[in-house]
Amino acid sequence: MLTVAKQHHLACVISALSLGSSMIYADQITNPQLDNNTDIKLDTIVVTAVPQTSPLTVVTDPKQPRQPVPASDGADYLKTIPGFSVVRKGGSNGDPVFRGMFGSRLNILTNGGIILGGCGGRMDTPTSYISPETYDRITVIKGPETVIWGPTGSAGTILFERDSKPFYQLGGHVSGSILLGTDGRLDKNLDAIGGSKYGYVRFTGNQSKAKNYHDGRDHRVHSKWDKWNGDIAVGFTPDQDTLVEFTAGRGNGEARYADRGMDGSRFFRESYGLRLEKSNIGEVLDKVEAQVYYNYINHVMDNYRLRHINPYANWMESNPDRRTIGGRVSATWKWKDFKLQAGIDGKKDTHRKNRISAMPVREQMMSLTSDGWTKDAYFTNYGAFSELTWYATDQDRLISGGRIDHYLAKAEQQNKERTKTLPSGFVRFEHDLANSLTTFYAGIGHTQRFPDYWELFSPSNKTQIFKKLKPEKTTQIDVGLQYNDNRLTAWASGYVGWIGDYIIFTQQGNKNNVSNVDARIMGGELGTSYKLTDNWKADASVSYAWGRNSSDSRALPQIPPVELRLGLNYQYDKWSAGTLWRVVGSQHRVAKDQGNVIGKDFDSSSGFGIFSINGGYDISKNFKLTAGIDNIFDKYYIEHLNRGGSAIFVYTADQQIPEPGRTIWTKLSFEF
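In structure tokens:
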């Protein structure tokens, strides 16, 4: 029964792949036979929308070209997945939002570890340290429907993953890409690996930069960025069932922002990890995994390095850093009709500040004074989890899980401390209809989320609420359908949820205070892809989110408007072409001056439609050329989830930042 269920999921993925999607299946990636012995064939399809892969799960290949061409950060890559939006602030380093939920409601992991930003206003969002094209796979699990990846994300779990690359014989391969675009866009990516049956060495690296972009009215927006990342993995495979892998990486960069009084002149990252896996251990105990990780970031913000400023004005610099250490141990047991994964995990992170004030003495000269490093926050989290799958029949599966987490938070400067133990759990039923082409699922999950650093330490009223701010309590029902055959792929995913003690920010003058309210949410995503002929394929997706502040009888803030994506793709021999029409509705359900730590509702927003085209050509089995024009009609538009501009760039206090106008790009991908 276990085998039949797995075959059904694999059939769904293969069917979607035949329709030109960007999905990839984990077993195919990690299979060493496939890694070393199959012919190389690069896909020419440009990703414009990513369908749901299996119940509540979306898998996408971040190395595939996509449209609109994303910025260099992890948040922008998620926008092609229905239901995702981004709190924008110009060119790079936006903050991801899924179904209107923001921040630590999304549990984001890179290679099984957690990396966290340092800025109290989330200038350096966690995804700003993630370069997606250096990963093999992005997996999104919707809702509170998994417990094995650390504290449960109430909105969802996002995994940026690199696969182990075992070899059966001496060999290696290299892949990469170069992207060129308007406004000085230049991205370079390289992925090189070599090894034998005893181990492997893999290097992934990238550099991404762009100049200030032009909006649809040809006005230049302060948004330039320049970033680089480099990571190495050394794996030891003494036999086919054993893996020991050590990873290390660094990155840095700078980014300009039109939404605030300072830019980011340093995004330094340092990461280390060690992973052990032992598979096929016995008849029941199938696999044991252990992992430890270390992530350190050092971020610098200032108002004088990357922008013009009055030499007689106050020059400022702020330098936070954050150190996160964690790990997990888990084991998987398999019986005829059951699979159980259980384990423990934990992390601790320390946040420090080094605020530097620079006062001008005379033009071109200044004096610097540093307050020195001060530790202001310390967090620990330890959890235990268990997730059980029961393959009741060939068509029915019941998946359930539970975890318990113990939290500790210290406000060092206030000399305060608080602890809390919180539960999470879910149960989901999946049923394959008799034709094996349709899957129905329904699940309910409950999670209690401890307030994060930004909610406890960034508000104006942080002294009063450190011990009073309550954990969020989310209970959510998820239902959906999946259908796959040779010509048609269709899926529907809906949810309704109740959030007790929802954490909300309210701006009152210059103050941004935080409090708890009760809330209700609902919405969903629909998608379909139909193969019209052997060469033509049409696809469509729509996402909708709704939220209500039950305590105050008003709309929940920062909820994105309804969004529709329509695509038409053509592929013949070595050629491909496609169109994307992105239609976004207006949003009138707003809560003015309320939102989250970085974003707030300004007012109602207008809808817009953006039309883009793309094409591709297989130069050879090793080289692929793709190109596109985003926003071909050079439309001026503003996303609803967007920051207000800074007065230094001639924006008024309630004027949001416009998006890029016409963008032309081309990408050369290669693999040997």
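Using this note's numbering, the first residue of the sequence shown is number 44, and each one after it goes up by one.
Beta carbons: idealized from backbone N, C-alpha and C, even for Gly.
Quick caveat: nothing in here was measured; it's all calculated off a predicted structure.
Taking the C-beta atoms as reference points, Tyr-545 is found no nearer than 8 Å to Gly-566.
Below 8 Å, too few C-beta pairs join the region 649-666 and the region 560-580 to call them touching: fewer than three. Residue environment for Lys-106: buried (at least 16 other C-beta atoms within 10 angstroms of its C-beta). For Thr-462, same chain residues with a beta-carbon under 6 Å away, outside a window of 5 residues either side, are Leu-451 in chain order. Contact annotation: Thr-182 and Asp-138 have beta-carbon atoms that are not nearer than 8 Å. Looking only at Ala-485, Thr-225 and Gln-614, the smallest Cα-Cα distance to Val-522 is reached by Ala-485. Counting only runs of at least 3 residues, the region 599-680 fully encloses the following beta strand (DSSP E) elements, listed from N- to C-terminal order: 606-615, 618-627, 651-661 and 666-673.
With fewer than 16 other CB atoms across the displayed protein chains lying within 10 angstroms of its CB, Leu-575 is exposed.
Nearest to Arg-131 by alpha-carbon distance, out of Phe-692, Ala-118, Ala-634 and Arg-142, is Ala-118. Take the alpha-carbon of Ile-368 and the one of Thr-290: they are about 14 Å apart. Counting only the Cα atoms, Leu-684 lies some 14 Å from Tyr-587. Within the region 452-536, the complete alpha helix (DSSP H) runs of at least 4 residues fall at 496-500 and 505-508.
In the DSSP assignment, the residues bridged to Lys-580 are Lys-574 and Asn-612. Here the alpha carbons of Ala-198 and Gly-444 stand approximately 16 Å from one another.
Runs of the beta strand (DSSP E) lying entirely within the region 273-338, each at least 3 residues long, are 285-298 and 306-322 in chain order.
Within its own chain, the residues whose Cβ lies closer than 8 Å to the Cβ of Ser-308, once the five positions on either side in sequence are excluded, are Glu-297, Val-343, Met-344, Asp-345, Arg-348 and Leu-349, listed in chain order.
In the structure shown, the three-state DSSP call for Phe-715 is coil. For Arg-109, the CB contacts under 8 Å within the same chain, skipping 5 residues up- and downstream, are Ser-65, Val-89, Val-90, Thr-91, Tyr-120 and Thr-123 in chain order. CA-to-CA, the gap between Val-633 and Ser-596 works out to about 12 Å. For Met-144, same chain residues with a beta-carbon under 6 Å away, outside a window of 5 residues either side, are Ala-198 in chain order. Between Phe-381 and Thr-432, the C-beta spacing is below 8 Å. When DSSP states are grouped into helix, strand and coil, Ser-97 belongs to the strand group. In this structure, Pro-125 is the residue among Thr-622, Gly-155 and Pro-125 with its C-alpha nearest to the C-alpha of Val-605.
Ser-147 sits buried, since 16 or more C-beta atoms from the chains shown fall within 10 Å of its C-beta. Residue burial is scored here from C-beta neighbours: Val-640 has at least 16 other C-beta atoms within 10 angstroms and is therefore classed as buried. If one requires a minimum length of 3 residues, the beta strand (DSSP E) runs lying completely within the region 364-443 are 381-405, 408-413 and 417-434, in chain order. Counting along the chain, the unbroken alpha helix (DSSP H) around Leu-121 starts and ends at 117-121. His-394 sits close to Ala-420, with the two beta carbons spaced by under 8 Å.
Per DSSP, the unbroken beta strand (DSSP E) holding Thr-153 starts and ends at 149-153. In the DSSP assignment, His-216 falls within the beta strand (DSSP E) that extends over 214-224.
Lys-513 is positioned such that its CB atom lies closer than 8 Å to that of Asn-559. The DSSP-derived three-state label of Glu-176 is helix. Ranked by Cα distance from Asn-397, the first of Cys-162, Phe-483, Ile-675 and Val-102 is Cys-162. Within 10 angstroms of the beta-carbon of Asp-269 lie 16 or more other beta-carbons, which makes it buried.
Judged by pairs of C-beta atoms under 8 Å, the region 152-160 does not touch the region 661-670, as fewer than three such pairs exist. For Val-140, the uninterrupted beta strand (DSSP E) run begins and ends at 138-141, by DSSP.
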